[in-house]
Amino acid sequence: MFPSYNMIKKILSKKIILGAIIVIAILGFVIYQFFFKPDNKEYVLEKVLMGTVVKNVSEIGSVKIAEKSLLGFKSAGRIEKISAKVGDSVKIGQELVRIDASQLFIQLSEAQAALQASQASYEKLIAGASPEDVKVSEAAVAAADVSLAGAEQNLRDVSADTSEDLSQTYQSAFNYLDDGYLKIYDSLIVANSISRTYFGSSDQEGIKVSESKASIQNSLDVVRFYIDKARVSSDRSYTDEALARTKSALLIVKDSLEIIRNMTETANYRDVVSSADKTSLDVKKLNINSAAANIVFSQQAISGAKIAVGTDVNAAQAKVDASRAQLQKARDELALKKAPARQEDIDLYQAKIRQAQAQVSLLKNQSNDSVLRSPSSGKITEINKREGETTQPAEWIISLLPELPFQIKADIYEEDVVDLAIGNPVSITLAAFLDEALAGRVVSINPAEKMVGGVVYYEITVDFEKEKAGIKSGMTADIVIEVAKKENVLVVPREALLKINGKRKVKILEGGEPQEREVEIGLEGDDLIEIISGLENGQPVIAREKL
Numbered sequence: 021m022f023p024s025y026n027m028i029k030k031i032l033s034k035k036i037i038l039g040a041i042i043v044i045a046i047l048g049f050v051i052y053q054f055f056f057k058p059d060n061k062e063y064v065l066e067k068v069l070m071g072t073v074v075k076n077v078s079e080i081g082s083v084k085i086a087e088k089s090l091l092g093f094k095s096a097g098r099i100e101k102i103s104a105k106v107g108d109s110v111k112i113g114q115e116l117v118r119i120d121a122s123q124l125f126i127q128l129s130e131a132q133a134a135l136q137a138s139q140a141s142y143e144k145l146i147a148g149a150s151p152e153d154v155k156v157s158e159a160a161v162a163a164a165d166v167s168l169a170g171a172e173q174n175l176r177d178v179s180a181d182t183s184e185d186l187s188q189t190y191q192s193a194f195n196y197l198d199d200g201y202l203k204i205y206d207s208l209i210v211a212n213s214i215s216r217t218y219f220g221s222s223d224q225e226g227i228k229v230s231e232s233k234a235s236i237q238n239s240l241d242v243v244r245f246y247i248d249k250a251r252v253s254s255d256r257s258y259t260d261e262a263l264a265r266t267k268s269a270l271l272i273v274k275d276s277l278e279i280i281r282n283m284t285e286t287a288n289y290r291d292v293v294s295s296a297d298k299t300s301l302d303v304k305k306l307n308i309n310s311a312a313a314n315i316v317f318s319q320q321a322i323s324g325a326k327i328a329v330g331t332d333v334n335a336a337q338a339k340v341d342a343s344r345a346q347l348q349k350a351r352d353e354l355a356l357k358k359a360p361a362r363q364e365d366i367d368l369y370q371a372k373i374r375q376a377q378a379q380v381s382l383l384k385n386q387s388n389d390s391v392l393r394s395p396s397s398g399k400i401t402e403i404n405k406r407e408g409e410t411t412q413p414a415e416w417i418i419s420l421l422p423e424l425p426f427q428i429k430a431d432i433y434e435e436d437v438v439d440l441a442i443g444n445p446v447s448i449t450l451a452a453f454l455d456e457a458l459a460g461r462v463v464s465i466n467p468a469e470k471m472v473g474g475v476v477y478y479e480i481t482v483d484f485e486k487e488k489a490g491i492k493s494g495m496t497a498d499i500v501i502e503v504a505k506k507e508n509v510l511v512v513p514r515e516a517l518l519k520i521n522g523k524r525k526v527k528i529l530e531g532g533e534p535q536e537r538e539v540e541i542g543l544e545g546d547d548l549i550e551i552i553s554g555l556e557n558g559q560p561v562i563a564r565e566k567l
């Protein structure tokens, strides 16, 4: 019997539901794995330790018959002393020649003093201000506060005084304005009297006198208008305008009186106008001149008072500004002394110390380079200079024939040769003596480059420190040159150091999660890296993930 339609439908529905559940479960598992599953990675941790960092340069060389070495200085200088002579047998490290380094030693002393000062400043920063320093700064704030209050009071006093002086000067101006008005009024009375008494309106003289009289009357009206306007207004610009208008009016009145006076001396009126009236005209002209001079004086007084207001108030304001700035400076210094050292300041002072240390190291190296020492044991065959002469970097002074019969010649890549120096210790392994490491030293670095396959190399010479039986010319030598070494410094394994976006970083665990930490590095060795800042002694860092 075949299943019914409904039975088939139920079976299919169950299969669909089951399939959906399986798909959802798979999706949930994937999402959990990628997004929600805890990070169970395990890491290999290494502690930051105090250790020794050694930087080496490795190369392959060849044993050669020993040749004499030509020794000289890296820098120019005056030869102060030659401690050996031709035919002398010398030992490794023995002083041969010394150049004058007195100036270098002075610079070295100054650099060492600067380093000590930088270290003292850093220690003071870390320690913070003493209670005595804080009290001094608090007293400075209080004193600056008092100084500001005094300056502000002085500004108020100066503003009030200069404002009062200016007000009085403007008030005095009305006395001169009123005087000018009265002088014009008196001149008008005299002009009217002379016009009525002597001059008619038909002749030329009478017309000019009448016009002059009208000009005086107009000037009087103008002066009256502007004086009244200034007197009722608190705007001082109206007083300034009244003074200017009165000054102009007085000049017009003066000219009008001059015309009338001239008319009294014409042929028709010379003997008609009385001497008393002529004298009266002359007196009025003098009075007008005096009034005009007073107006000018008043204008100058006002201008001077305005300048004094600006100058005195500006000076007082400048004192307020300076006192306010001094108070803010004192407050900032107090806050700085009370606040803990900022990381930015710590970094800055540490950078200053490193800079001073670098300068000391540089000058020490230069001072050491002022003494030419024998890089190996041997015999002096020639001396090319005398005491008192000047030597240059390209010149040789001593010719030294090594004591041992063999040397090693090796070509050093241009990027590595800059780290090399005469006297660098060398570990030598010969193919014929693989179980024994021989000691040697760099005795010369040829300044002339040589091209090998399009790459620049420089030839160096290495002397053996001790004779070894069985060495033959042409043997292959693996050499490891120690070019730099630092002891008792913070170090981390090279594998812990990362370079991210051009910055040197390590990873540390915080709350079980790896976090990046930027560091400053120093000398880079083959296995260890010097840490200058960013980590502390004993702090664990992530070296790698556990497999």
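Just so we're aligned: the sequence shown equals residues 21 to 567 in our numbering.
Backbone N, C-alpha and C define an ideal beta-carbon position, used for all residues, glycine too.
Here the structure is a predicted model, which is why all the values come from computation and not from measurement.
Out of L175, L145, A133, E556, the CA that lies nearest to the CA of A335 is found in L175. Of the residues I552, I541, D108, Q173, the one whose Cα lies closest to the Cα of Q337 is Q173.
For the stretch 122-195, not one full-length beta strand (DSSP E) segment reaches 3 residues or more. Under the three-state reduction of DSSP, A211 is assigned to helix. Sorting A371, K88, V210 by C-alpha distance to the C-alpha of K429 places K88 at the top.
Rounded to whole angstroms, P413 and S95 show a C-alpha spacing of 5 Å.
Y258 carries a helical assignment under DSSP once its states are collapsed to helix, strand and coil. Boundaries cannot be given for S397, as no beta strand (DSSP E) includes it and DSSP labels it neither H nor E. In this structure R281 is in contact with K298, their Cβ atoms being roughly 7 Å apart against a cut-off of 8 Å. Taking C-beta atoms as the reference points, Y205 and I315 fail to come closer than 8 Å.
The Cβ atoms of L424 and L91 lie no closer than 8 Å to each other.
Closest in alpha carbon position to A86, among A516, E485, I520, Q535, is E485. For a cut-off of 8 Å, the C-beta gap from V476 to E66 is around 38 Å, too long to register as a contact. Comparing C-alpha distances from R118 to each of L548, E556, E550, N388 shows the shortest one belongs to N388.
Around the Cβ of Q224, a 10 Å sphere holds fewer than 16 other Cβ atoms; the residue is exposed. The C-alpha of L270 is placed about 14 Å away from the C-alpha of I247.
Taking the C-beta atoms as reference points, T182 is found no nearer than 8 Å to V292.
DSSP places T496 inside the beta strand (DSSP E), whose first and last residues are 496-513. DSSP places S89 within a strand segment (E or B) once states are collapsed to three.
Taken through DSSP and simplified to helix, strand or coil, E538 comes out as strand. Y369 carries a helical assignment under DSSP once its states are collapsed to helix, strand and coil. Just so you know, the alpha carbons of R351 and A193 end up roughly 49 Å apart. Boundaries cannot be given for Y289, as no alpha helix (DSSP H) includes it and DSSP labels it neither H nor E. Here the alpha carbon of S323 sits roughly 29 Å from the alpha carbon of K304. Here E143 is exposed, its C-beta having fewer than 16 other C-beta atoms within 10 Å. When rounded, the separation of the alpha-carbon atoms in A180 and V166 is 21 Å.
For L517, the closest C-alpha among the options V539, G531, Q535, V500 is that of V539. Rounded to whole angstroms, the Cβ separation of L202 and Q237 is 15 Å, and the two are not in contact under 8 Å.
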